[in-house]
Each structure stands twice: as structure tokens, then as C-alpha cells.
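Sequences listed follow chains A and E, in order.
For the first sequence, position 181 (counting from the first letter as 1) is numbered 181 according to my numbering, and the numbering increases by one without interruption.
Every position in the second sequence, counted from 1, becomes a number in my numbering once 346 is added.
Positions of the beta carbon are idealized from the N, C-alpha and C atoms, including for glycine.
Values in this document were obtained by computation on a predicted structure and should not be read as measured data.
Accompanying notes for the structure given below.
2 protein chains.
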Amino acid sequence: MAGIKDVADRAGLSIATVSRALSGKANVSAKSRKLAKTAAAELGFVPSYHASSLASGRNHNVGLVLPSVHRWYFSSVLEGVSATLLDAGYDLTLYNVGDQAVRRESVLNDFLLRKRLDAVIAVALVLTDDEIQQLLAIHRPIVGIGGALAGASTIRINDSGLSRMATNHLIQLGHTRIAHLTGDPALNQDFKLPGIRQAGFEAAMKDAGLPVRPEWQISADFTIQGAYASARRLLGMGTERPTAVFAASDEMAIGTILAARDFGLRVPHDLSVIGMDGHELGEVFGLTTINQDARGQGALAARLLLETLDAGAAAGNDGAATPRGATDREYPTELVIRTSTAVPPA
Amino acid sequence: MAGIKDVADRAGLSIATVSRALSGKANVSAKSRKLAKTAAAELGFVPSYHASSLASGRNHNVGLVLPSVHRWYFSSVLEGVSATLLDAGYDLTLYNVGDQAVRRESVLNDFLLRKRLDAVIAVALVLTDDEIQQLLAIHRPIVGIGGALAGASTIRINDSGLSRMATNHLIQLGHTRIAHLTGDPALNQDFKLPGIRQAGFEAAMKDAGLPVRPEWQISADFTIQGAYASARRLLGMGTERPTAVFAASDEMAIGTILAARDFGLRVPHDLSVIGMDGHELGEVFGLTTINQDARGQGALAARLLLETLDAGAAAGNDGAATPRGATDREYPTELVIRTSTAVPPA
DNA sequence: ACGATGACTGCAAGCGTTTCCACAGGTCAG
DNA sequence: CTGACCTGTGGAAACGCTTGCAGTCATCGT
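What follows is the structure, encoded as C-alpha cells:
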């Protein structure tokens with residue numbers, strides 16, 4: 001394996017000049033630069049990542065902490081982050097922590113702290129104050145997506161407001177018997193979102209003077225198949241049925257639609273269903289939903305981070321970019337009305 | 347930031363002993379070890395990743411190259427790899443190269459070669475000989491999943507044989523008018539799989555003396571929504587309809603079932619559908635399929651790699667584990683018969 | 001009682017870059 | 001013509017660990 005020394009020898013230059021030439025720094029004559037580049041190419045030289053990181057303090061590596069990689073929202077965010085980072089020449093280190101507290105803890109303690117990351121993106125992770133302090137202590141910028149991260153910058157949508165909007169959409173159509181399919185609290189201790197969306201639902205119901213019936217507040221694990229099972233239970237109850245369901249995610253809305261079909265219920269004629277996300281499958285099911293561009297959120301998070309890092313580098317700030325004041329941005333969303341919602345049956 | 351020197355001072359030991367104590371090496375007295383650990387904990391010391399990698403030559407980092415993160419197969423593999431790696435204390439660097447040749451090239455050239463990875467897992471990626479040589483040149487073990495990687499170890503399923511099996515399942519039920527929904531070749535230049543599965547289908551048809559009708563050979567992009575659109579086109583043709591469809595993935599099979607429902611076709615009464623994968627949603631749709639445990643394949647790949655790396659380390663092999671002879675394993679699968687296939691309508 | 005053995009320990013030499021600093025030579029205003 | 005300044009360049013000091021090597025000290029067989 002050729003080292004920078006070999007390149008220097010071959011080019012007839014010093015190590016220092018070669019280093020500057022190859023990394024595009026100033027104060028290198030055009031001639032030397034060409035010489036260095038040619039020699040490097042001929043030897044197939046690639047700088048050692050560790051050596052350069054150790055010497056420069058910059059990693060070109062961003063960590064992404066996710067609770068899952070299977071659910072639409074997370075894989076979409078991942079995609080956005082990944083594309084942005086890759087284009088910028090950054091590596092993406094993925095921490096798919098799942099539901100297991102153990103794994104999460106070891107990630108936070110061992111992995112993230114090892115100074116190998118320039119920045120961290122945490123998705124839908126609710127951290128304790130201690131944990132946030134820990135992260136901030138490594139002096140790396142952090143941004144949270146879709147989860148409250150006190151002290152760090154966040155990108156999020158107005159979950160409670162949007163839930164209200166979705167519920168109001170149903171109410172305005174004339175529905176009064178509305179069920180809510182929320183996230184499974186047991187499975188998601190790190191993930192306050194279900195509660196927030198539920199609160200939005202309840203607020204909207206209350207404002208409209210409508211009852212929130214406990215037996216119509218059901219939950220699932222945010223997957224199509226999980227919601228399908230829960231919705232079957234809801235719709236299969238012998239008693240009166242709701243005329244509309246607001247599901248806390250598109251995947252759960254789709255599960256509900258599938259369950260409704262099983263019972264011979266026509267959507268939207270017999271049952272209106274509204275979701276929330278902007279899942280690609282929404283179109284197939286004619287799903288009315290609130291679009292949130294998860295991919296875009298991921299891309300934005302990555303871009304913000306890169307800017308901060310570049311700014312830090314420009315300021316000669318030792319590579320350890322000082323996090324600017326924590327900002328909290330609300331990502332734009334839109335209500336997309338398709339064919340899964342309509343006025344209630346007479 | 348506390349360094350190992352600080353820990354040594356605090357513990358009253360030498361740097362060398364602290365290093366050995368903390369990394370669990372032999373020849374350290376119990377007392378010294380405890381001393382070192384206590385001091386490290388008190389100072390919140392975490393060894394610098396780059397420094398230790400530079401000095402030891404080991405990275406504790408495995409690269410995963412994927413064409414997508416959204417499709418079931420890939421996110422499942424990712425999940426398996428991720429969990430195994432995380433548990434072993436390894437980082438996972440994700441290269442989601444997508445369909446873009448440019449990005450793929452830059453990943454191969456710049457990222458993978460920078461000596462920062464102990465090993466590489468490439469999923470469903472067909473590489474040119476040059477590219478494989480490049481990878482092998484960095485002397486890191488590589489394993490390919492679900493794609494031919496001449497010269498490297500691979501984990502795969504018997505795609506052609508299984509396609510045959512799926513097709514035969516339909517034939518044995520009595521179907522003669524069978525359509526095949528394959529992957530979109532244009533979108534998947536790096537991904538020979540669709541062709542292989544298609545060949546298996548054609549071979550089975552030929553063996554049974556059945557015609558392969560070109561207008562029933564349709565393709566989609568391996569997603570539910572893409573297959574839904576393609577299947578609508580197939581089923582909407584004015585002409586004679588097939589009585590069964592073999593879809594090259596479960597997602598595409600599900601898209602087909604959804605399309606069939608739109609046309610008022612009952613599955614399996616009017617149309618039998620068989621898929622291939624073992625998607626979690628299969629159960630909801632009663633989908634007959636061939637289970638391949640993608641998550642398990644990912645986990646196995648990671649485990650194999652870790653073993654190789656450990657063996658290399660044990661052999662004192664400079665950390666750069668010598669890849670053993672390339673092996674090619676076939677991962678077990680099973681035909682799961684549910685309710686989406688039956689005898690053809692009379 | 002004595003050399004041999006083995007368990008611990010510390011010194012210091014790397015690992016392969018980046019970057020600070022000093023310096024050479026050339027340019028330019030005064 | 002000279003001092004101030006700028007552009008290029010190379011020497012060498014970090015960066016923060018791991019590990020080979022040599023040395024200390026206690027243990028043990030004979």
C-alpha cells in the first residue's frame with residue numbers, strides 16, 4: 001500500500017507539499033499540484049482515513065441513530081440523509097438501535113462517544129437529559145428529527161396540529177363516530193409521537209363537542225400488518241362501528257383499509273380513513289393523508305449539519321464545529337385529499 | 347477531553363498498562379486493571395477511535411453496500427447485518443448507492459478503498475471484474491449477498507431453482523395460462539436477479555410444455571405500487587387473461603393481488619398469485635410464497651465476516667485478515683402455501 | 001541457595017497523515 | 001536600493017493510541 005511518502009518521493013516533492021496539493025489547499029504551485037496528483041494516481045494512493053482524521057480532527061462521518069429501518073418513515077429519512085451525505089463525500093454510520101434499551105444504551109455510551117463522528121442525527125428518539133448532556137459533551141452538532149431533543153436543533157412537523165387537522169377533516173365531512181388508531185405505547189417507550197398525535201385527535205374531538213370513545217382508541221405497531229390486526233378487532237366488535245378512522249400513520253391507515261375490505265366495508269362509502277405520512281403506497285389505496293416529506297427531512301438535517309461543519313472548518317475551529325444555538329424548524333406538510341374520505345353513510 | 351495519559355496519571359500506572367487493562371488484554375494484574383478502569387470511568391475516558399485504529403490496524407467497522415433501503419429485501423438484510431454488528435461492537439458504514447452509476451463508482455473508488463473498513467458486504471450488486479479486483483486489492487474480506495461476486499464469498503438462494511419451484515407449484519395446481527411479473531431490467535442494470543428468476547420461470551414452463559406468452563411477461567420496479575400499475579395493465583388487456591401470476595417478489599405479488607381486487611377478480615378463485623421473499627405482509631394477503639430469510643442472510647454474512655476477522659486477529663495477522671478461499675453458500679428457503687393459490691377456475 | 005521461569009510493568013517506537021513554523025526567493029512600494 | 005510582504009516549500013512536531021521489547025520482581029524446582 002502506497003503511503004504519502006511514496007507519492008512525495010515519486011513526485012520529487014516533500015510530504016507536506018503533497019498533502020497540501022492533494023487536499024486542495026492553497027499555496028501550492030500549479031506545477032507541484034499536477035506533479036503530486038500524477039504521482040498519486042500512478043501509485044493508486046488513497047490517504048489513510050484514520051491517519052488523516054487523527055491529524056486533522058475531522059472525520060467526514062456522520063452518525064444516524066434510528067429505532068427501525070423497516071418502517072416507511074425511518075427508511076425514508078435514512079434515504080435522504082444517505083444521499084446528501086454520500087454526495088458530500090461523507091460516510092454514514094448507521095445505528096439501528098431498535099426497541100432494545102440495552103442496545104440503545106451501548107450505542108450512546110460506547111459508539112457515539114468515540115470521537116469518530118463529526119455530527120449525529122437522531123430520529124424519533126426521546127433522550128433523557130443525561131443522555132443529551134452526554135451527547136452535547138462531545139461537542140459535536142446534533143440534530144433531532146421528529147423527536148424532542150431539548151438543547152439540540154430539531155426538525156419536526158407539527159404533530160399535534162396536524163393530527164387536529166386530520167381529525168377536523170373528518171369532522172367537517174360530517175363524521176361524529178371517529179376512531180383513532182395510535183402507535184403502540186408499550187413498544188415505543190422512546191417515541192412520544194403516538195401520544196402527541198393522540199392528544200391532537202382528542203383536542204379536535206373535544207373542540208367539536210364529540211365524544212372520544214375509549215373502545216375506539218386502539219393501537220398498533222405502526223406497520224400495515226399490525227394495524228390490520230387491530231383494525232379487524234375494532235371493526236369486528238359487535239357493537240356500533242365508527243364511520244371514520246384517523247390512523248397515526250399511512251401504514252396503519254392502509255392496514256385499516258385492508259381490514260375494512262375484509263368486512264365488506266367500502267372505503268370511503270362505509271368507512272372513511274385518513275392517514276398521516278405520505279407513503280408511496282397511499283396512491284394505490286387512494287388514501288387521504290397529510291404528506292410529510294420524510295426523505296426531505298433527512299436531507300435537510302444532513303445539509304444543516306454539513307453547513308455547520310463547513311462553517312466550523314472555515315473558522316479554523318479545530319474541526320470540532322461549535323454547534324450554533326439550537327434551532328427548531330417545522331417542516332412543511334400538506335393535506336392530500338384522495339378518495340378514502342367522504343361524508344358518512346346516511 | 348481526557349486522553350489515555352490522563353487516565354494513566356490518575357491511576358498511577360503507565361500508559362501501556364492502562365491500554366492493556368482497558369482493552370482486556372492479558373498480563374495485567376487484577377489490581378492494575380481495576381485501577382485503570384476506575385480512573386477511566388471517573389474521567390469519562392473513551393479511547394479515540396482513530397488513534398487506536400491507526401495504531402492497531404483494526405477498524406471495527408464493516409461497510410454495507412446496498413442499492414436501496416426501501417425495498418423489503420434490502421432493509422431486511424440491513425437489519426440483520428446491523429443487529430449482528432452492533433452486538434459485536436462493530437460500526438456499520440452504510441453505502442446506499444441507489445441506481446446511479448456515478449454514485450456507485452465514487453463509493454467504490456473513494457469510500458471503500460480508504461482503509462477504513464475491516465470488511466465489506468455487498469448486496470445484490472453485480473460488479474465488473476475490475477471492480478472486484480479493486481476490492482480484493484484492499485485485502486479485506488468481502489461477502490456478497492444475493493448477487494454473483496466472482497472471487498468473493500457469497501450467500502445466496504437458488505434463484506433459478508426456486509423460480510422453477512414456484513412456477514411448478516402453479517403448474518401442478520393445473521394452471522396453464524401463467525403470467526410472470528419480473529423486475530424492471532432498465533432500472534436494475536446492476537442487478538441480474540430478474541433475469542435469473544425469469545429464466546427459472548421459462549424453464550419450468552418449457553419443461554411442462556406450456557407456452558410462455560410474451561404479453562404475459564411483464565415487469566415492474568419491485569415495489570407494490572409499481573407492480574400494481576403493471577398488473578392492472580396485464581389484467582386490463584381486453585384479451586384472454588392468465589389464471590395465475592408468478593411475481594418475482596412478494597411486494598410485486600401483493601401489488602398484483604391489489605390490482606386483481608380492483609378488477610373484481612377473487613384470489614385465488616379467479617386468479618392465483620405466488621410471490622417470492624417472505625415479506626411480513628404476506629400473511630395479511632394470504633400470499634403463497636417462497637420464504638427466504640433476508641434478515642438471516644444479513645446476519646449470517648455479518649457473522650461470517652466477524653469470524654474471519656477474529657481468526658485473522660488471533661493469528662496476529664496484522665488485523666488485515668486474509669480472506670479464506672471464497673465460499674458460496676446457499677441459504678435455506680421454504681415454500682409457504684397460503685391461500686393465494688388454488689386450482690384454476692373451471 | 002540459585003538459576004530458570006513467568007507474571008507484570010514501563011519505555012519508546014511506531015501508525016500515516018496534517019499543519020505549524022521557518023525559510024528561500026521574488027515582487028513591489030517608497 | 002532596501003525593507004516589507006507574499007508565495008511556495010520542506011522539516012518536524014503533533015494527533016492519541018497499541019505493542020514489541022527489555023527489565024523487575026517473586027515463585028519454584030532441584
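Would the segment 406–424 of chain E and the segment 125–135 of chain A be scored as touching if the rule is three or more Cβ pairs under 8 Å? With a cut-off of 8 Å, the segment 125–135 of chain A and the segment 406–424 of chain E do not count as touching, because too few Cβ pairs lie within range.
If you check the beta carbons only, do G80 (chain A) and R266 (chain A) fall under 7 Å apart? no
For R156 (chain A), which option in A:A124, A:I178 and A:T176 has the closest C-alpha, if you only look at C-alpha atoms? Nearest to R156 (chain A) by C-alpha distance, out of A:A124, A:I178 and A:T176, is A:A124.
Can you give the beta carbon distance from L681 (chain E) to M511 (chain E), rounded, assuming they're within the 8 Å contact cut? 6 Å
By the DSSP assignment, the alpha helix (DSSP H) with E79 (chain A) in it spans what residues? Counting along the chain, the alpha helix (DSSP H) containing E79 (chain A) begins and ends at W72 to D87.
Which residues in chain A have a C-beta closer than 9 Å to the C-beta of T439 (chain E)? List them in chain order. N61, D91, L92, T93 and L94
Whose CA, out of A:V97, A:A259 and A:W216, lies closest to the CA of R241 (chain A)? Measuring from the Cα of R241 (chain A), the nearest candidate turns out to be A:W216.
Here's the rule I'm using: 16 or more other beta-carbon atoms within 10 Å means buried, otherwise exposed. How should F263 (chain A) be labelled? exposed
Buried or exposed, going by whether 16 or more other CB atoms sit within 10 Å of the CB of I524 (chain E)? buried
If we cut at 7 Å on Cβ distances, does L173 (chain A) have a partner in chain E? no
Between the C-alpha atoms of L368 (chain E) and K383 (chain E), what's the straight-line distance to the nearest angstrom? 6 Å
Under DSSP, the alpha helix (DSSP H) around L347 (chain A) begins and ends at which residues? Past the boundaries of the shown model lies residue 347 (chain A); chain A is included only from 1 to 346, so the question cannot be answered.
In the DSSP assignment, find the alpha helix (DSSP H) that holds I382 (chain E) and state where it starts and stops. In the sequence as displayed, the identity of residue 382 (chain E) is Ala instead of Ile. Residues A376 to L389.
Within its chain, find whatever has a CB closer than 8 Å to the CB of A346 (chain A); leave out the 5 residues flanking it on each side and keep chain order. none
Taking only the alpha-carbon atoms, compute the straight-line gap between T522 (chain E) and A573 (chain E) and give it to the nearest angstrom. 22 Å
What is the DSSP secondary structure of S230 (chain A), reduced to helix, strand or coil? helix
In chain E, which residues lie with their C-beta within 7 Å of the C-beta of S258 (chain A)? Per the sequence shown, residue 258 (chain A) should be read as Leu rather than Ser. By Cβ distance, chain E contributes V630.
Between the CA atoms of S414 (chain E) and R649 (chain E) - distance to the nearest angstrom: 22 Å
Any Cβ of chain A within less than 7 Å of the Cβ of Q571 (chain E)? Yes, because at least one Cβ of chain A sits closer than 7 Å to the Cβ of Q571 (chain E).
Proximal residues to V558 (chain E) (C-beta, below 6 Å), its chain only, five neighbours per side dropped: E548 and M551
Does the distance from the CB of D184 (chain A) to the CB of A229 (chain A) come in under 7 Å? No, these two residues do not count as a Cβ contact at 7 Å.
Where do the N-terminal and C-terminal ends of the alpha helix (DSSP H) with D352 (chain E) fall, by residue? I350 to A357
Helix, strand or coil, according to DSSP, for R641 (chain E) in the structure here? helix
Are the beta-carbon atoms of I218 (chain A) and L193 (chain A) separated by less than 7 Å? no
Is it buried or exposed, P690 (chain E), if we count other Cβ atoms within 10 angstroms and call 16 or more buried? buried
Segments assigned alpha helix (DSSP H), at least 4 residues, entirely inside the segment 470–551 of chain E: 475–483 and 505–519
Please report the distance separating the alpha-carbon of L463 (chain E) from that of V120 (chain A). 20 Å
Residues of the segment 14–38 of chain A in Cβ contact with chain E at a cutoff of 8 Å, in chain order, please. none
Quick check: what's the CA-CA separation for P268 (chain A) versus Y419 (chain E)? 32 Å
Out of curiosity, what's the CA-to-CA distance linking H139 (chain A) and L112 (chain A)? If you take the alpha carbons of H139 (chain A) and L112 (chain A), they lie about 12 Å apart.
In whole angstroms, give me the CA-to-CA distance for D437 (chain E) and A606 (chain E). 44 Å
Can you list the residues of chain A that K538 (chain E) reaches, using a CB-CB cut of under 9 Å? Here the premise fails: no neighbours, minimum Cβ distance about 24 Å.
Per-residue burial, E302 (chain E) [other beta carbons within 10 Å of its own, 16 or more giving buried]: The structure shown does not extend to residue 302 (chain E), since chain E spans only 347 to 692, so no value can be given for it.
Own chain partners of G358 (chain E) with C-beta closer than 8 Å, once the 5 adjacent residues on each side are dropped: Here the set comprises L381.
State buried or exposed for A366 (chain A), treating a residue as buried only when at least 16 other CB atoms are found within 10 Å of its CB. Nothing in the structure corresponds to residue 366 (chain A), since chain A is present only between 1 and 346.
Scan the segment 441–467 of chain E and note each continuous alpha helix (DSSP H) run of 4 residues or more that stays entirely inside, going in chain order. Taking only runs of at least 4 residues, the alpha helix (DSSP H) segments lying wholly in the segment 441–467 of chain E are 447–452.
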